[in-house]
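Residue numbers (the working numbering): 28 to 121. Below: one structure, written as structure tokens.
Written out as structure tokens, the structure is:
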């Protein structure tokens with residue numbers, strides 16, 4: 028399943044090659060995270076989460092860099108879709 032989704036992300040990144048650099052960067056980061064997790068699955072049989080943070084008694088989530096890339100990439104896409112799109116619409120309405 029991960030291989031299929033990675034191929035779909037590659038294809039999507041290719042189809043949006045003329046879109047906003049912000050959107051392309053977000054998709055590229057998601058793709059990088061997907062590939063990182065896919066490599067773990069192929070070579071180790073599972074995704075290895077190695078970043079484990081404790082703040083006092085609060086135990087934060089355990090994750091890896093690939094998870095971070097996926098999350099940041101999605102944040103970038105949301106930023107472009109919500110904030111920057113409103114700005115583009117405001118400019119086009121002037």
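Glycine residues also receive a C-beta, built at the ideal position from the N, C-alpha and C atoms. As the structure is a computational prediction, the values presented were derived from the model and not from experiment.
>> Could you check whether the region 58 to 78 touches the region 90 to 107, counting it as contact only if at least three pairs of C-beta atoms, one from each stretch, sit closer than 8 Å?
In response: yes
> In whole angstroms, what is the alpha-carbon distance linking residue 73 and residue 67?
Replying inline: The residue given as residue 73 occupies position 46 in the chain shown. The residue given as residue 67 occupies position 40 in the chain shown. Going from the Cα of residue 73 to the Cα of residue 67 covers about 6 Å.
>> So within the region 36 to 113, which uninterrupted alpha helix (DSSP H) runs reach at least 4 residues, ignoring any that extend past its ends?
In response: 48 to 71, 92 to 106
> Do the region 98 to 108 and the region 46 to 62 make contact, defined as three or more Cβ pairs closer than 8 Å?
Replying inline: yes
>> Nearest by alpha-carbon distance to residue 58: which of 98, 117, 76 is it?
In response: The residue you call residue 58 lines up with position 31 of the chain shown. Residue 98 is the option with its Cα nearest to residue 58.
> Would you say residue 40 and residue 54 are within 7 Å of each other, going by their C-beta atoms?
Replying inline: Taking the first residue of the chain shown as position 1, residue 40 is located at position 13. Taking the first residue of the chain shown as position 1, residue 54 is located at position 27. Yes, these two residues count as a Cβ contact at 7 Å.
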